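Just so we're aligned, residue 15 is where the sequence shown starts under the UniProt record's numbering, counting upward by one. Using N, Cα and C, we set each Cβ at its ideal position, and we do this for glycine too. The model shown is predicted, which means the values in this text are computed figures rather than measured ones. Written below as structure tokens is the structure these notes are about.
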Amino acid sequence: SSENRSLQNEVKKLKETKNAVILAHYYQVPEIKQVADFVGDSLELAKKAAQSDADIIVFAGVHFMAETAKILNPSKKVLLPDLKAGCSLAESCEPAAFKKFVEDHPGHIVVTYINCSAEIKAMSDIVCTSSNAEKIIRSIPEDIPIIFAPDRNLGKYLVEKTGRDMLLWDGACLVHEAFSIDKLLALHKKYPSAKIIAHPESESHILKIASYIGSTSGMLDHVTKSDHKTFIVATEAGILYEMQTHLPHKTLIPAPAKENNSCACSECAYMKMNSLEKLYSCLNEETPEIRLKETLIKKARGPIDRMLALSK
Ligand code: 13P
Ligand code: SF4
Numbered sequence: 015s016s017e018n019r020s021l022q023n024e025v026k027k028l029k030e031t032k033n034a035v036i037l038a039h040y041y042q043v044p045e046i047k048q049v050a051d052f053v054g055d056s057l058e059l060a061k062k063a064a065q066s067d068a069d070i071i072v073f074a075g076v077h078f079m080a081e082t083a084k085i086l087n088p089s090k091k092v093l094l095p096d097l098k099a100g101c102s103l104a105e106s107c108e109p110a111a112f113k114k115f116v117e118d119h120p121g122h123i124v125v126t127y128i129n130c131s132a133e134i135k136a137m138s139d140i141v142c143t144s145s146n147a148e149k150i151i152r153s154i155p156e157d158i159p160i161i162f163a164p165d166r167n168l169g170k171y172l173v174e175k176t177g178r179d180m181l182l183w184d185g186a187c188l189v190h191e192a193f194s195i196d197k198l199l200a201l202h203k204k205y206p207s208a209k210i211i212a213h214p215e216s217e218s219h220i221l222k223i224a225s226y227i228g229s230t231s232g233m234l235d236h237v238t239k240s241d242h243k244t245f246i247v248a249t250e251a252g253i254l255y256e257m258q259t260h261l262p263h264k265t266l267i268p269a270p271a272k273e274n275n276s277c278a279c280s281e282c283a284y285m286k287m288n289s290l291e292k293l294y295s296c297l298n299e300e301t302p303e304i305r306l307k308e309t310l311i312k313k314a315r316g317p318i319d320r321m322l323a324l325s326k
């Protein structure tokens, strides 16, 4: 709309005058991604945040992503358009309970998926994302037992993929557990030539019928390189905008959710808490800002740096 366009122009002007950079996750709404300096998956966005020499980093994503940006580049002002943009998966791993879990299982290497709070990262040995998790697990000597948290679905997938018997924390993402296997199979019958692709946070019965499993960027890359024309995509529906924009000649269908909601697909309510209006006011007023204790930043940094060193 013209209203959106004029707000987008204001955002662009502010960005220049304030020497700010806008990083947006694929799950954000199109009008935010259109003004972003970079759109990517969680690993790519963490790398961009670490390298940024802007004075302000505006993170159009969820809280743990903005926190990771702050940990990696603590001298910068890191803004998140809505501080309540959390993550069901991060919330499924509460620090006190996790601390006890780790203490109850001494001698384990603690690998945490980046979708967790800074407190959880600070209790980890190494962090991973969905695009490097397999590599990180394989880098750990076979004789050392592993704790993997917080996502049980990604954990189970990695156990099967690598053959490593890991101790799993019982957390999950609401958005990726919302897919209906019955509706998905029915949809596949309607489009028999379609390939199913899925994010590894999805449940194992969904992953079992997927021809490709990977991160948001991984899926985009896969669809780009594949000769197939039709895909059913099991992840947050925001990625479809990227795929369709890059690949207008492909037929892309969102995997159906159990409950009928506005899009009959699965959307992350946390990601969608950010809006173009909130992005504008956050950049204009330079708030809300991510603030973390220096001690916490120091503790959480090592495990993220270890991941980055293995992800070059
Ligand atoms: P990616 O690492 O694939 O970007 O996933 C982030 C996320 O929140 C998935 O739900
Ligand atoms: Fe968290 Fe799931 Fe939303 Fe990703 S899609 S941010 S894992 S709640």
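Cβ shell of residue i (< 7 angstroms), same chain only, five flanking positions each side left out
i, result
"residue 45", "18, 22 and 290"
"residue 173", "179 and 180"
"residue 116", "124, 137 and 161"
8 angstroms contact criterion, which residue i and residue j should meet: CB distance rounded
i, j, result
"residue 28", "residue 310", "Going by Cβ atoms, the distance from residue 28 to residue 310 rounds to 30 angstroms, so no, they are not a contact pair."
"residue 182", "residue 214", "The Cβ separation is near 13 angstroms, so there is no contact."
"residue 281", "residue 250", "6 angstroms"
"residue 210", "residue 192", "With a Cβ gap of about 16 angstroms, residue 210 and residue 192 do not count as contacting."
Inter-residue Cα distance where the pair is residue i and residue j
i, j, result
"residue 69", "residue 93", "11 angstroms"
"residue 77", "residue 262", "32 angstroms"
"residue 40", "residue 154", "30 angstroms"
"residue 201", "residue 315", "44 angstroms"
"residue 208", "residue 189", "22 angstroms"
"residue 7", "residue 113", "Because the chain in this structure spans residues 15 to 326, residue 7 falls outside the shown range and cannot be described."
"residue 32", "residue 243", "43 angstroms"
"residue 271", "residue 254", "15 angstroms"
"residue 103", "residue 240", "30 angstroms"
"residue 256", "residue 234", "8 angstroms"
"residue 149", "residue 20", "44 angstroms"
"residue 67", "residue 60", "14 angstroms"
"residue 184", "residue 170", "10 angstroms"
"residue 127", "residue 64", "18 angstroms"
"residue 220", "residue 277", "19 angstroms"
"residue 284", "residue 80", "13 angstroms"
"residue 165", "residue 313", "22 angstroms"
Close beta carbons around residue i, own chain, < 6 angstroms, minus the five adjacent residues each side
i, result
"residue 52", "37 and 62"
"residue 230", "40, 55 and 253"
Buried versus exposed, by CB contacts within 10 Å (16 or more), residue i
i, result
"residue 177", "exposed"
"residue 131", "buried"
"residue 82", "buried"
"residue 87", "buried"
"residue 206", "exposed"
"residue 118", "exposed"
Own chain partners of residue i with C-beta closer than 8 angstroms, once the 5 adjacent residues on each side are dropped
i, result
"residue 1", "No information on residue 1 is available, as it lies outside the stretch 15 to 326 that the chain covers here."
"residue 123", "139, 140, 154, 158, 159, 160 and 161"
"residue 293", "25, 36, 46, 49, 72, 74 and 95"
is_contact[residue i, chain C] using C-beta, thresh 8 angstroms
i, result
"residue 227", "Within the model displayed, chain C is absent; a lone protein chain is all it includes."
*asked:* Please output, in chain order, the residues near the ligand 13P using a CB cut-off of less than 5 angstroms to any non-hydrogen atom of the ligand.
replied: 55, 56, 143, 144, 229 and 230
*Counting by C-beta, which residues lie closer than 7 angstroms to a heavy atom of the ligand SF4, in chain order?*
41, 76, 101, 102, 103, 104, 129, 187, 188, 189, 190, 215, 250, 282, 284 and 285
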